[in-house]
Amino acid sequence: MTDSDLDAFLAGDRLDHVVLFLTDDYLDDEGTIADYGRVVDGGVVLVVPGEKGRRLFSAGTGMDAMEFAKQAMGTEGDIDRDLQGGTCPDCGDGAAFIFAFAEAQNEEVGGIYAEGDVIHAYAACPDGTAFSDRWVVGEA
């Protein structure tokens, strides 16, 4: 993975990919997940095709990606726009891991979906609290 892969995702150019951020605490001992991504301060970021990304998320966290997303949707929080951190709404700690995907603009649905492509991000803090954030591509 290169910086341009993440930049392309954040720009809405990789709607069929997912982004994973796993802190060092969530990486497997053999480091195999890290082989798929780019090492950043405190962890690894991966941009991979959707189904492969969901499998890697499960391998790295022991959870099903879409079940985790459903759980996280119940609590709003702040996830960094570079998908490399966030703030837990319950305890104020940083995100332990993040799973994100993008959805194409859909004017028929309305709301923020009419404004542009939307990034859906789901995170968990070290205490296990799952939370979510979403934004229109390009918004600060």
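Under our numbering, the first residue of the sequence shown is numbered 47, with each subsequent residue one higher.
For glycine and all other residues, C-beta sits at the position ideal for the given N, C-alpha and C.
All figures in this text were calculated on a predicted structure; none of them were measured in a lab.
Applying the 10 Å Cβ sphere with the 16-neighbour rule, what's the burial state of residue i?
i    : result
S50  : exposed
D179 : buried
A160 : exposed
V155 : exposed
R101 : exposed
D163 : buried
A42  : No answer is possible for residue 42: it lies beyond the span of the chain, which begins at 47 and ends at 186.
Quickly, what does DSSP pair residue i with across the bridge? List them, please.
i    : result
T107 : None; T107 has no bridge partner.
Y168 : F145, S178
V91  : F67, R84
G132 : I125
G138 : DSSP output for G138 lists no bridge partner at all.
Roughly how many angstroms separate the alpha carbons of residue i and residue j, rounded to a whole number?
i    : j    : result
V183 : I125 : 14 Å
G131 : G88  : 9 Å
D53  : L68  : 18 Å
L61  : P95  : 9 Å
P135 : G108 : 23 Å
G83  : M112 : 21 Å
I79  : P172 : 19 Å
Taking DSSP as the reference, what is the three-state secondary structure of residue i?
i    : result
E154 : coil
E161 : coil
G99  : helix
D124 : strand
D53  : helix
E113 : helix
Any beta carbon of chain D sitting closer than 8 Å to that of residue i?
i    : result
A176 : Of the protein chains in this structure there is only one, and it is not chain D.
How about residue i: is its Cβ closer than 7 Å to a heavy atom in the ligand SAH?
i    : result
F177 : You won't find the ligand SAH in this model; it holds no ligand whatsoever.
Which whole-angstrom value describes the C-beta separation of residue i and residue j, a residue pair presumed to lie in contact below a C-beta threshold of 8 Å?
i    : j    : result
L66  : F114 : About 11 Å separates the two Cβ atoms, so there is no contact after all.
A176 : I165 : At roughly 17 Å, the Cβ-Cβ gap does not stay under 8 Å, so A176 and I165 are not in contact.
A141 : A170 : 7 Å
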